[in-house]
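Asks: The structure under discussion is supplied below as structure tokens; questions concerning it will follow.
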Amino acid sequence: LAVIIALNVTVGTLHLRVKRRLQIGWRNWLTKRLMNEWMSHGRHYLVTHMPGDHDNPDGRIAEDIRIATESAIDLAASLLYCLLLLVSFASILWTLSGPPEVQYGGFDFYLPGHLVWIAILYAMMGTGIAVVLGYPLVRAANQRQTAEADFRYSLVHAREKSLPIALLRGERHERGIFSWLFKLVTVAWDKQTQALTYLFMFTNAWSVLAAIFPIMIAAPRYIAHIITLGVLMQTAQAFQQMVAALSWPIDNFAGMAAWRASVERVQHLHHALDHLADRIDAPGWERIDVVCSESSNLKFKDFELANADGDIVVGKFTTDIQLGEKILIDGDPGASVNLFKAVAGLWPWGSGSIELPKDGHVFIMLQHPFLPEGKLKSCICYPAEEFTYEESAAREALEKVGLLHLIDRLEEHDKWDQVLSSSEQQRLSFARLLIQRPNWIFIQEALDALDPMGETDMMNLLKNDFADATVITIGHHAGAVGYYKRVLTLYRKNGFAVVEDSRDERSGDIDERR
């Protein structure tokens, strides 16, 4: 008994640890693979413009991969157990079936192990009925997981935007959105409940019948005094065990439906990212080519910008931008922003090419800079690691951009996008600029949150510290007049933006003839 207990504990513990090791190992591999596909070469942004069912990628990576891997191992373990039962009790039931001759209605049939074949047919019939009744459960499970993901995303989005919601007194509006999304969760839950009801009604009836059916099959031999009561009960138990093993699909259909729904959600995201990569790299597909050249200039050649659906945004043009030029992009703001995205390789829709200088260090300053949660020094050094730059460099950068009060908080952890004001965040973006020292600077309305004095200070910083760098800015600021020597104006004509290039090399003032 002691040996049996020790072996039982050992096998049970080993089974648990192996199963959980497989689950976390598979999840780790699949999560890393999908994360690398998603968070690579701007695909996390580009895929949002692709049609298809691939929304809420965060939920698919965090939750659906967990369900897909954990449930797969659980289902495989139970299937292995059922296969062992099947092998064990099929031989027993074959022996208990008696002689190979079976009498029915005055006829003799040669059917060795007839109880085994009856059990197989019985289980096949039950599985077929379960598949028909349970198929709607797959769609219901998918709909529910989608509704849950949308509801969860809405709550997270509200948490991230809590300050503007509070300032605008938008709580009532947000509650309305929450209520509507949770109503969709409830509807999906009810559909899943309805699908489960039909399946459970069948499985419960089937389980009761499975207890009686083998006795009904073996009873004639008992009544005919061919077998004893003990053999009758043994036959019934062996039949039940074999049917239970063969009924694995029936017993696990609800779990398989949830598992399949998660697998499909993960596959849809994977296929969307694959399709995006194939489409961008496919030969013959018209797209904007972003290449590096030996030239020191930034060149647009037969450049044409389009929407993801193919509509032209910016008409075809060709121009060169030399190193050290100061350029203002004026006019249509939407087209200007997409122009920046194209330079960054995040907008392939269009035609022509962009030639970037091979040795150029491009830095794009957004209107609302991204500030990761963590140390303030990490925010300044982003996307490089904080140890890449000395702390003295970060202190000097903060001092130059007028953030002296933050110098002593460099090692402090916080959610800086919520702690800092808009003007402080934009100044912090200029601190990044000082840290990284690029020679090609693209600015997207990165001065609009500053007061006139602050805007003047940042413009002076650009003039003094980046005199030899190219600066290209979207938007017009009063304090910038005289700094920009060239203006690219994007104005609407014939349904899309046309580029007008104006410059005044003599005075250095902006050509106002536009």
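Mapped onto the working numbering, the consecutive letters of the sequence shown carry residue numbers 331 to 844.
Think of the CB as a built atom: it goes at the ideal place given N, C-alpha and C, for glycine as much as any other residue.
According to the Cβ coordinates, are Ile580 and Ala420 closer than 7 Å?
Replies: no
Asks: Here's a check: name, in chain order, each residue in its chain whose Cβ is nearer than 6 Å to the Cβ of Gly809, leaving out the five neighbours to either side.
Replies: Legend: pLDDT at Gly809 = 49, less than 50; position of this residue unreliable, value from coordinates given subsequently. Closer than 6 Å at Cβ, skipping near neighbours: Glu785, Thr786, Met789.
Asks: What does Arg357 pair with, by DSSP beta-bridge criteria?
Replies: In DSSP, Arg357 forms no bridge with anything.
Asks: Ser891 and Lys631: beta carbons closer than 7 Å?
Replies: The structure shown does not extend to residue 891, since the chain is modelled only from 331 through 844, so no value can be given for it.
Asks: CA-CA distance, Ala426 and Leu467?
Replies: Note on residue identity: the sequence assigns Leu, not Ala, to residue 426. Looking at the two C-alpha atoms, the distance is approximately 39 Å.
Asks: Taking just the CA atoms, how far does Lys705 sit from Val673?
Replies: 30 Å
Asks: What residues in its chain sit with their C-beta under 8 Å from that of Tyr483, if we drop five residues either side in the sequence?
Replies: Asn386, Asp388, Gly389
Asks: Using the three-state DSSP reduction, which class does Ala808 fall into: helix, strand or coil?
Replies: Its pLDDT being 46, under 50, Ala808 is placed unreliably in this model, and the coordinates cannot settle the point.
Asks: For Lys491 and His503, I'd like the C-alpha separation in whole angstroms.
Replies: 13 Å
Asks: So which of Pro678, Gly560, Met563 has the shortest CA-CA distance to Leu606?
Replies: By alpha-carbon distance to Leu606, the top candidate from Pro678, Gly560, Met563 is Pro678.
Asks: Where His691 and Ser681 are concerned, what is the direct C-alpha to C-alpha distance, given to the nearest angstrom?
Replies: 24 Å
Asks: Rounded to the nearest angstrom, what separates Val377 and Leu416 at their Cα positions?
Replies: 47 Å
Asks: In three-state DSSP terms, what is Thr476?
Replies: helix
Asks: Have a look at the DSSP bridge pairing and note the partners of Val621.
Replies: Val621 pairs with Glu685.
Asks: Do three or more CB pairs link the stretch 349-361 to the stretch 394-412 at distances below 8 Å?
Replies: yes
Asks: Along the chain, where does the beta strand (DSSP E) that runs through Ala636 open and close?
Replies: Per DSSP, Ala636 belongs to the beta strand (DSSP E) from 628-636.
Asks: Between Trp510, His735, Phe583, Met695, which has its C-alpha nearest Gln522's C-alpha?
Replies: Phe583
Asks: Do Asp604 and the ligand GDP come close, with the Cβ less than 6 Å from some heavy atom?
Replies: For the structure depicted, the ligand GDP is absent and the ligand set is empty, with no information on it obtainable.
Asks: Quick check on this structure: which residue in Lys629, Arg347, Asp641, His371 has the alpha carbon closest to the alpha carbon of Thr648?
Replies: From the listed residues Lys629, Arg347, Asp641, His371, the smallest Cα separation to Thr648 is found for Lys629.
Asks: Classify Arg844: buried if its beta carbon has 16 or more other beta carbons within 10 angstroms, exposed otherwise.
Replies: Reliability of the predicted coordinates at Arg844 is poor, the pLDDT of 32 falling under 50, and the value obtained from them is presented with this limitation in mind. Exposed: under 16 other Cβ atoms inside 10 Å.
Asks: Using a Cβ-Cβ cut-off of 6 Å (strictly less than) and excluding sequence neighbours within five positions of Arg551, which residues of its own chain qualify?
Replies: Ile557
Asks: With which residues is Lys793 paired in a DSSP beta bridge?
Replies: Answer by DSSP bridge pairing: none, since Lys793 is not bridged.
Asks: From the DSSP output, in three-state form, read off Ala700 for me.
Replies: Correcting the residue type first, residue 700 is Phe in the shown sequence and not Ala. Correct three-state label for Phe700: coil.
Asks: Counting C-beta neighbours from all protein chains within 10 Å, is the total for Ser370 16 or more, i.e. buried, or is it exposed?
Replies: exposed
Asks: Would you say the stretch 751-770 touches the stretch 700-714, given that touching needs at least three Cβ pairs under 8 Å?
Replies: yes
Asks: Taking the alpha-carbon positions, what's the Leu331 to Thr343 distance?
Replies: 18 Å
Asks: With DSSP run on the structure shown, which of helix, strand or coil describes Leu751?
Replies: Note on residue identity: the sequence assigns Ser, not Leu, to residue 751. Three-state result, Ser751: coil.
Asks: Would the stretch 793-805 and the stretch 649-662 be scored as touching if the rule is three or more Cβ pairs under 8 Å?
Replies: yes
Asks: Determine the extent of the beta strand (DSSP E) in which Ile286 is found, giving its start and end residues.
Replies: Because the chain in this structure spans residues 331 to 844, residue 286 falls outside the shown range and cannot be described.
Asks: DSSP three-state call for Gly645: helix, strand or coil?
Replies: Strand at Gly645.
Asks: According to DSSP, His743 sits in a beta bridge with which residue or residues?
Replies: Lys705
Asks: Do you know how far the Cα of Pro768 is from the Cα of Thr819?
Replies: 25 Å
Asks: Alpha carbon to alpha carbon, how far is Asp831 from Arg822?
Replies: About 14 Å.
Asks: Among Lys793, Leu792, Ser753, which has the Cα closest to the Cα of Asp778?
Replies: Ser753
Asks: Under three-state DSSP, which class holds Glu830?
Replies: strand
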